[in-house]
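J.: Encoded as structure tokens, here's the structure I'll be asking about.
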Amino acid sequence: MKKIAFVVSVALSTGALFATAACTGGAPGTGSGDVQQDTSGQQEIRYMIGQPEDPADLELIKSDLKTFESKNQGITVKLDVIPSENVRTVLQTQLRSGQGPDVFGYDTGPGFAGALAKAGLVYDLTSAYADHKWPIYDFAKKRVTFDGKIVGVPSQIEEVGVFYNKTLFAKYGIAQPTNLTELTAAAEKLKQNKVIPFAVSDKEGWQGGHLLSMSLSSAVGSNGMDDLLNGRTSWNTQPVVDSLAVWKQWNDKGLLTPSPAAVSYDNANALFYSGKAAMNPTGSWLALDIERNAKFDVGFIPFPAQNGAGIFSGGLGSGTFVSASTKKADASIKFLDYLLTAEHGRWAAEKLQDIPAYPIDTNGMKASPLFKQVLDDSAKIAGGTGDFGYNIDVLTTDVFNNAMWKGIQGILSGQAEPAKVAAQLQTAYEKSAK
Amino acid sequence: MRAVSNVPPVTRRAQARLGLLLALPVAVVTAVFFVFPMLNALYYAVVDFDGLDPTPPFVGLSNFTEMFTDAATWHALGNNAIWIAIGTASPMIIGLLVAVVIWSGRSGAAVYRLLFFLPFMLPGVAIGIVWGWIYDPVNGWINRALGAVGLGSMTRGWLGDPKTAIYAVLATAIWATCGFVTMIILSALRNVDVELVDAARIDGANAAQRLWHILLPQIMPVFLMVLTLTLVGGFSVFDIIFIMTGGGPADATEVLGTYAYSSAFQLNRISYGTVLALLITVLAVPFTIMLNRLQRRLSLQGLGA
Numbered sequence: 001m002k003k004i005a006f007v008v009s010v011a012l013s014t015g016a017l018f019a020t021a022a023c024t025g026g027a028p029g030t031g032s033g034d035v036q037q038d039t040s041g042q043q044e045i046r047y048m049i050g051q052p053e054d055p056a057d058l059e060l061i062k063s064d065l066k067t068f069e070s071k072n073q074g075i076t077v078k079l080d081v082i083p084s085e086n087v088r089t090v091l092q093t094q095l096r097s098g099q100g101p102d103v104f105g106y107d108t109g110p111g112f113a114g115a116l117a118k119a120g121l122v123y124d125l126t127s128a129y130a131d132h133k134w135p136i137y138d139f140a141k142k143r144v145t146f147d148g149k150i151v152g153v154p155s156q157i158e159e160v161g162v163f164y165n166k167t168l169f170a171k172y173g174i175a176q177p178t179n180l181t182e183l184t185a186a187a188e189k190l191k192q193n194k195v196i197p198f199a200v201s202d203k204e205g206w207q208g209g210h211l212l213s214m215s216l217s218s219a220v221g222s223n224g225m226d227d228l229l230n231g232r233t234s235w236n237t238q239p240v241v242d243s244l245a246v247w248k249q250w251n252d253k254g255l256l257t258p259s260p261a262a263v264s265y266d267n268a269n270a271l272f273y274s275g276k277a278a279m280n281p282t283g284s285w286l287a288l289d290i291e292r293n294a295k296f297d298v299g300f301i302p303f304p305a306q307n308g309a310g311i312f313s314g315g316l317g318s319g320t321f322v323s324a325s326t327k328k329a330d331a332s333i334k335f336l337d338y339l340l341t342a343e344h345g346r347w348a349a350e351k352l353q354d355i356p357a358y359p360i361d362t363n364g365m366k367a368s369p370l371f372k373q374v375l376d377d378s379a380k381i382a383g384g385t386g387d388f389g390y391n392i393d394v395l396t397t398d399v400f401n402n403a404m405w406k407g408i409q410g411i412l413s414g415q416a417e418p419a420k421v422a423a424q425l426q427t428a429y430e431k432s433a434k
Numbered sequence: 001m002r003a004v005s006n007v008p009p010v011t012r013r014a015q016a017r018l019g020l021l022l023a024l025p026v027a028v029v030t031a032v033f034f035v036f037p038m039l040n041a042l043y044y045a046v047v048d049f050d051g052l053d054p055t056p057p058f059v060g061l062s063n064f065t066e067m068f069t070d071a072a073t074w075h076a077l078g079n080n081a082i083w084i085a086i087g088t089a090s091p092m093i094i095g096l097l098v099a100v101v102i103w104s105g106r107s108g109a110a111v112y113r114l115l116f117f118l119p120f121m122l123p124g125v126a127i128g129i130v131w132g133w134i135y136d137p138v139n140g141w142i143n144r145a146l147g148a149v150g151l152g153s154m155t156r157g158w159l160g161d162p163k164t165a166i167y168a169v170l171a172t173a174i175w176a177t178c179g180f181v182t183m184i185i186l187s188a189l190r191n192v193d194v195e196l197v198d199a200a201r202i203d204g205a206n207a208a209q210r211l212w213h214i215l216l217p218q219i220m221p222v223f224l225m226v227l228t229l230t231l232v233g234g235f236s237v238f239d240i241i242f243i244m245t246g247g248g249p250a251d252a253t254e255v256l257g258t259y260a261y262s263s264a265f266q267l268n269r270i271s272y273g274t275v276l277a278l279l280i281t282v283l284a285v286p287f288t289i290m291l292n293r294l295q296r297r298l299s300l301q302g303l304g305a
């Protein structure tokens, strides 16, 4: 009898534990509008962001929050800064448990904000857009719209291209390259003069996405990129193979940083700042750091095409979102509203070199020639004039990005061939589309 | 036939209650920190949880099936095997030899102890970052040193070359672990019967014979304990690889730990990551039990200092 009781109690306990375990998947936010709101007079909202590249930027952000607080009595902002590489893990865990930040910065792509929107973890801002008439560019608004709901405020327009050291180019008599052949010739000349031509890093892996974005965008143009990203053209095609092969050939010729798969992004940038490397293929987000660290003139050009100057890969970087489970939705939306004022947009562009996804008045703005160029290019992206490619990884899924990042790392470490990687990209694309 | 107890029933009940009360904290701790997480892991293993959907669909054993047919799992397991073989044997041998040398030495033991133990006191993250700089292909000390002594042709991106990356990280791990092994074995050597060593020396035993036949048997239980810890560490290795290479380049240094992490947190496949983590546990437990039993048997046989 006692044995039976023991077996039953063990079975019941195990069952109870299993049931509890099964419940830990937890449902957090139940969507916008049905969370009991905090109506107290004094509210504190938690604002989570990834650690900025430069500590000076963090100080500027803190001062900006003070400005917001002074203009919105009764609302304080608690800044929560976490390492950028941990944002996804920390954010998802917190949002799922219903303990997420009220407002947070996050990437806008389908693998990022799109996944949160699908799970109902971000606040539906559609009515806030209508109420406040936020002047976000249409193309940017589309990137944060999922299933008909606008869930975020796009906050940065970026472009990916090649920064180059004008002083070194002048020293070795190299003109600004106007096509791929000239760029290769310039790189070879720099190598002969013991300068690393391209400060390419790929230790973290994500840089590979930018390398492909720029070479492919210039090879196939914006329409070609549209076709690839929307499944109208296969990734397992010659232009993709050729765009990957460019990097392989340059790596084999020693035109990139030695062993790029072992070089971190920061170390590659340091090589460029120190003048040991002459070109840095990366995004416009680095312009401010370049200004702060480089003691020479810097130019910024699109990655050249075979027969022309090529096009920049442009697009949106991150955005700002509100948690679906926030109890301070009004205060959070007031904060977003502040971020979208023309005054704040100008401040962000001037101080942080963040290019807002809404029109700002740049008349009389203090800006270096490098940033002025980035601003002008970005205005063309926003205005829909000119031809711009895409930064692939913000528009594709985790599965695709993983295949792309590992594939390019494989190419740069001699483990994979461009044709094989192109085939893997198509497989990953098809897998993502299911 | 049950033994008849002279203890009154009231006392027996009081003893039982006291027993339960005393066992309760351990039971609670075990349930919270072992049973519940294990059941939780088993639950996640049979659903398809993406980290976001609060009601993941039940998928039965398909995560397990996928794991055993996934080439990446076997590749990671192969790297774990390399790590276990080299990462266990090297620090054990180096640590043992260094400990014996320090133990035999007459002076400076404290300084050497500190020097050898220092790496073990450093956080794994710091070790990974610093060694990442040392291995840097452009400004790293190793390549600079090779260039300075005329071996420039041997310079390479140690962490970016798939042929060397896993061994470069392993070398760092061995450097970091040797101090721990040295210290523990050194502590055990203090209890060794020195008269036996002296007698063996008088009988003509050389250093290797004295180590093998006199010292090692006396420190065997401690040696096995350190071996167990190092071996199990080889199955669950994660931090140093994650910091130094992130499992790359292109999976060249991927082990089960990093593969579980990337599946769970980079690809949002929490369930698949859980299954991989369970595999690490399932593989490590038999080795731990086997070595633990061996250690106990040797202790019962009177071996060990």
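For the protein sequence lines, the chains are A and B, in the order given. UniProt numbering puts the first sequence at residues 1 to 434. UniProt numbering puts the second sequence at residues 1 to 305. Even for Gly, the Cβ is constructed at its ideal location relative to N, Cα and C. Only a predicted model underlies this, so the values are computations on that prediction, with no experimental measurement involved.
For residue 99/A, does the three-state DSSP call read helix, strand or coil?
T.: coil
J.: Decide if residue 18/B is buried, meaning its Cβ has at least 16 other Cβ atoms within 10 Å, or exposed.
T.: exposed
J.: Taking 8 Å as the cut-off, decide whether the C-beta atoms of residue 261/B and residue 235/B are in contact.
T.: No, Cβ-Cβ distance for residue 261/B and residue 235/B is not below 8 Å.
J.: Once DSSP output is grouped into helix, strand and coil, what is the label at residue 146/A?
T.: DSSP, read as helix, strand or coil, puts residue 146/A in strand.
J.: Identify the contact partners of residue 265/B in chain A, using a Cβ-Cβ distance below 8 Å as the criterion.
T.: 88 and 89
J.: Would you mind stating whether residue 52/A and residue 244/A have Cβ atoms separated by less than 8 Å?
T.: no
J.: Name, in chain order, the residues that DSSP records as bridge partners for residue 76/A.
T.: 44/A, per the DSSP bridge assignment.
J.: Quick one: measure Cβ to Cβ for residue 320/A and residue 339/A, integer angstroms, because I've assumed they're closer than 8 Å.
T.: Yes, residue 320/A and residue 339/A are in contact; Cβ-Cβ is about 6 Å, under 8 Å.
J.: On a Cα-Cα basis, can you pick out the residue from 139/A, 217/A, 166/A and 323/A that is closest to residue 94/A?
T.: 323/A
J.: Specify the secondary structure class of residue 159/A as computed by DSSP and reduced to three states.
T.: strand
J.: Can you look up residue 279/A in the DSSP assignment and give me helix, strand or coil?
T.: strand
J.: Is the beta carbon of residue 291/B sitting closer than 8 Å to the one on residue 228/B?
T.: yes
J.: Please classify residue 445/A: is it buried, with 16 or more other beta-carbons within 10 angstroms of its beta-carbon, or exposed?
T.: No answer is possible for residue 445/A: it lies beyond the span of chain A, which begins at 1 and ends at 434.
J.: Shorter than 8 Å from the beta carbon of residue 227/B to some beta carbon of chain A?
T.: no
J.: For chain B, is any of its Cβ atoms less than 8 Å away from the one on residue 319/A?
T.: no
J.: Under three-state DSSP, which class holds residue 39/A?
T.: coil
J.: Residues in the same chain with beta-carbon distance under 8 Å from residue 197/B, minus the five sequence neighbours each way, listed in chain order, please.
T.: 210, 214 and 215
J.: Given a cut-off of 8 Å, decide if residue 421/A and residue 410/A are closer than it, judged by their beta-carbon atoms.
T.: yes
J.: Specify whether the region 372 to 380 of chain A and the region 283 to 300 of chain A touch according to this definition: at least 3 beta carbon pairs, one from each stretch, less than 8 Å apart.
T.: yes
J.: For residue 122/A, which beta-bridge partners are listed by DSSP?
T.: 323/A
J.: Going along the chain, which residues of its own chain have a beta-carbon closer than 7 Å to the beta-carbon of residue 256/B, five neighbours each way excluded?
T.: Scanning its chain for C-beta atoms nearer than 7 Å, with the 5 sequence neighbours on each side dropped, one finds around residue 256/B the residues 76, 77, 80, 276, 279 and 280, in chain order.
J.: Going by DSSP, which residues form a beta bridge with residue 299/A?
T.: 164/A
J.: For my contact list, residue 120/B and residue 180/B are in at a C-beta cut-off of 8 Å; report their separation, rounded to the angstrom.
T.: 4 Å
J.: What are the uninterrupted segments assigned as beta strand (DSSP E) that are 3 or more residues long and contained completely in the region 171 to 202 of chain A, given in chain order?
T.: 196 to 198
J.: Report the residue from 220/A, 307/A and 345/A whose alpha carbon sits nearest the alpha carbon of residue 156/A.
T.: 345/A
J.: Since residue 135/A and residue 359/A should fall inside the 8 Å C-beta cutoff, what is the C-beta to C-beta distance between them, to a whole number of angstroms?
T.: 6 Å
J.: Within 8 Å of any Cβ in chain B, is that where the Cβ of residue 257/A sits?
T.: So yes, residue 257/A belongs to the interface.
J.: Looking at chain E, is there any beta carbon in it that lies within less than 8 Å of the beta carbon of residue 406/A?
T.: The structure shown contains no chain E; the protein chains it does contain are A and B.
J.: What would DSSP say about residue 315/A, mapped onto helix, strand or coil?
T.: strand
J.: Taking residue 153/A as part of the beta strand (DSSP E), name the residues at either end of that continuous run.
T.: 152 to 154
J.: Determine the chain B residues that contact residue 121/A at a beta-carbon separation under 7 Å, and present them in chain order.
T.: 52
J.: Less than 8 Å between CB atoms is the rule here; does residue 399/A satisfy it with respect to chain B?
T.: yes
J.: When DSSP labels each residue in this structure, what does residue 151/B get in the three-state scheme?
T.: coil
J.: How would you label residue 336/A, buried or exposed, when you count the other beta carbons within 10 angstroms and need 16 or more for buried?
T.: By the 10 Å Cβ count, residue 336/A comes out buried.
J.: For residue 216/A, is the classification buried or exposed, using 16 other Cβ atoms within 10 angstroms of its Cβ as the cut-off for buried?
T.: With 16 or more Cβ atoms within 10 Å of its Cβ, residue 216/A is classed as buried.
J.: Measure from the C-beta of residue 27/A to each C-beta in chain B and report whether the shortest distance is under 8 Å.
T.: Caution is warranted here: a pLDDT of 44 is assigned to residue 27/A, below 50, making its placement in the model unreliable, and no coordinate value can be reported.
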